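Single-structure report; data block below.
Residue numbers (mature numbering (1 follows the signal peptide of the UniProt record, and there is no 0)): -25 to -1, 1 to 454.
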């Protein structure tokens, strides 16, 4: 059976069982947790095959989001029918209420035996980004298993979570599981294009009902392997915050002309200089008191001399550490607001000097900054009145959720994670550099935690959602 999928599934099962039995005031002690987690740790061969085939079948349904309001509605409807067939106990159990929201998103409310306990919530999303047939080792919606891999859109983002959560619940129900604590499962259908029709509507529905959530678990963190130079041990990063975003269009209007008699400056040249200044002048590092600093402090004693001394004294060495982190593109993204030039449009003919040039820049905003602060910095960096700024879309970074000893959701996730991955000694808070559906639920809880229980290496970021990587862990092949 595919190891990461088993790990996602096992983590989901332990979360469902462990979270449902905790009290309101504290998370369980070691002995209490051991009692709470006594579910079958081994699956039958038939169950293992069914799990893998269910994931493959989900990948084969092209639930693509093309843009806001633009979906493959046929595939989304097919996916709804598919999960009903794959998980019959989930849809037939009397204490589970299923609702379709926004036509294609799904909300499950699992009623616990103790209504006095505040429910928690698990999030995932059904949709995937578009994929051409170019550049893939196998077709992107094949779900093909080959050479230790399952290929296809959604294997990492995020049908693995969708299927694991429902599969875990199905297997627990078959084993006569009845939760003490109620919980909800929300599966959005348009996370890849902002979540306005899925997660946002689910959140509005729950707010209208006066629902308050103890904590939420979504995608957005991983077990990171070889992400930090000279640090060889994998560690788990649970994201306790999420970056904000600005899509900003820069525009320059100039008098058009002919290339045979060009002016001293053109719209393209002025705009090119502006975006070059943005690339050459990064937004200042603002991570001094955020999750990244806590992460480095937790890793400090795992390094040898003198790195351990430096990281144990960040009050003194933080400027040096900040400069060193900038050399690694992932660490740099964790440390600051990032700038990415994503689109540049100008010109209609090779001998015509265009009147208008436009560039789109995406900023991912660090939790220590605001949209307005970043806009002011950008204008000061460009420092050219001929460049116009148009905000296409923007939203603020999410608040930092608690991760101390009293943070019930974080501590339960940490304990469960380490029971599934006993080789992981370090679980640390971090920041999600992407954007997830969890941002739509900030009015329901102060505890939002993002984690996907899969090993990730730097090359996986560049490869994207292509395939699940095979890795031998304790004698089982990982897909």
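Virtual Cβ for every residue (Gly too), placed ideally from N, Cα, C. What you are looking at is a predicted structure, and each value in this text was computed from that prediction instead of being measured.
Helix, strand or coil: how does DSSP classify residue i here?
| i | result |
| --- | --- |
| residue 284 | helix |
| residue 121 | strand |
| residue 235 | coil |
| residue 248 | helix |
| residue 384 | helix |
| residue 87 | coil |
| residue 435 | helix |
| residue 187 | coil |
| residue 313 | strand |
| residue 482 | As displayed, the chain neither begins before -25 nor continues past 454, which places residue 482 out of reach and without an answer. |
| residue 262 | coil |
| residue 305 | helix |
| residue 460 | Only positions -25 to 454 of the chain appear in the structure, and residue 460 is not among them; the question remains open. |
| residue 41 | strand |
| residue 206 | coil |
| residue 375 | coil |
| residue 177 | helix |
| residue 93 | coil |
| residue 416 | helix |
| residue 109 | coil |
| residue 270 | helix |
Take residue i and list the residues in its own chain whose beta-carbon comes closer than 8 Å to its own, dropping the five residues that flank it on each side.
| i | result |
| --- | --- |
| residue 412 | 98, 100, 161, 163, 166, 170, 173, 174, 193 |
| residue 117 | 34, 35, 126, 127 |
| residue 460 | Beyond the ends of the chain as shown, which are -25 and 454, falls residue 460; an answer cannot be given. |
| residue 76 | 82, 173, 176, 177, 180 |
| residue 253 | 314, 316, 336, 353, 356, 357 |
| residue 231 | 327, 328, 329, 330 |
| residue 420 | 96, 187, 188, 189, 190, 191 |
| residue 88 | 153, 154, 155 |
Going by CA-CA distance only, name the one from the options that's closest to residue i.
| i | options | result |
| --- | --- | --- |
| residue 381 | 27, 141, 72, 190 | 190 |
| residue 433 | 201, 138, 152, 81 | 201 |
| residue 212 | 219, 197, 388 | 197 |
| residue 214 | 384, 38, 236, 42 | 384 |
| residue 135 | 66, 84, 237, 26 | 26 |
| residue 31 | 69, 304, 47, 54 | 54 |
| residue 309 | 318, 267, 274, 378 | 267 |
| residue 404 | 303, 233, 195 | 195 |
| residue 61 | 146, 402, 113 | 146 |
| residue 132 | 158, 38, 244 | 38 |
| residue 430 | 398, 338, 417 | 398 |
| residue 208 | 156, 273, 29, 73 | 273 |
| residue 401 | 78, 269, 44, 93 | 269 |
Exposed or buried, what is residue i when buried is set at 16 or more other beta-carbons lying within 10 Å of its beta-carbon?
| i | result |
| --- | --- |
| residue 40 | buried |
| residue 435 | buried |
| residue 183 | exposed |
| residue 328 | buried |
| residue 149 | exposed |
| residue 391 | buried |
| residue 95 | buried |
| residue 410 | buried |
| residue 427 | buried |
| residue 396 | buried |
| residue 502 | Nothing can be reported for residue 502, as the shown portion of the chain is limited to -25 through 454. |
| residue 366 | exposed |
| residue 122 | exposed |
| residue 102 | buried |
| residue 236 | exposed |
Would you give the residue range spanned by the alpha helix (DSSP H) that residue i belongs to?
| i | result |
| --- | --- |
| residue 140 | 134 to 149 |
| residue 24 | 20 to 34 |
| residue 404 | Segment 402 to 407 is the beta strand (DSSP E) holding residue 404; no alpha helix (DSSP H) there. |
| residue 161 | Run containing residue 161: none in the alpha helix (DSSP H); it sits in the beta strand (DSSP E), 158 to 163. |
| residue 346 | 346 to 357 |
| residue 58 | 48 to 61 |
| residue 296 | 289 to 300 |
Cutting at 7 Å between CB atoms, please list the residues of its own chain near residue i, excluding the five before and the five after it.
| i | result |
| --- | --- |
| residue 258 | 311, 312, 314, 349, 352 |
| residue 241 | 229, 328 |
| residue 283 | 275, 276 |
| residue 323 | 329 |
When every heavy atom of the ligand ATP is checked, does at least one fall within less than 7 Å of the C-beta of residue i?
| i | result |
| --- | --- |
| residue 216 | The ligand ATP is absent from the structure shown, which contains no ligands of any kind. |
Spatial neighbours of residue i within its chain, please: CB distance less than 6 Å, with the 5 preceding and 5 following residues excluded, ordered by chain position.
| i | result |
| --- | --- |
| residue 320 | 333 |
| residue 70 | 86 |
| residue 471 | Since the first residue shown for the chain is -25 and the last is 454, residue 471 is missing from the structure and cannot be characterised. |
| residue 59 | 66 |
| residue 455 | An answer regarding residue 455 cannot be provided, because it is not within the stretch -25 to 454 covered by the chain. |
| residue 50 | 36, 37, 38 |
Quick one: give me the first and last residue of the beta strand (DSSP E) that residue i is part of.
| i | result |
| --- | --- |
| residue 332 | 331 to 340 |
| residue 214 | 210 to 217 |
| residue 168 | Per DSSP, residue 168 belongs to no beta strand (DSSP E) and is neither H nor E. |
| residue 482 | Outside the shown range of the chain (-25 to 454) lies residue 482, about which nothing can therefore be said. |
| residue 423 | 423 to 425 |
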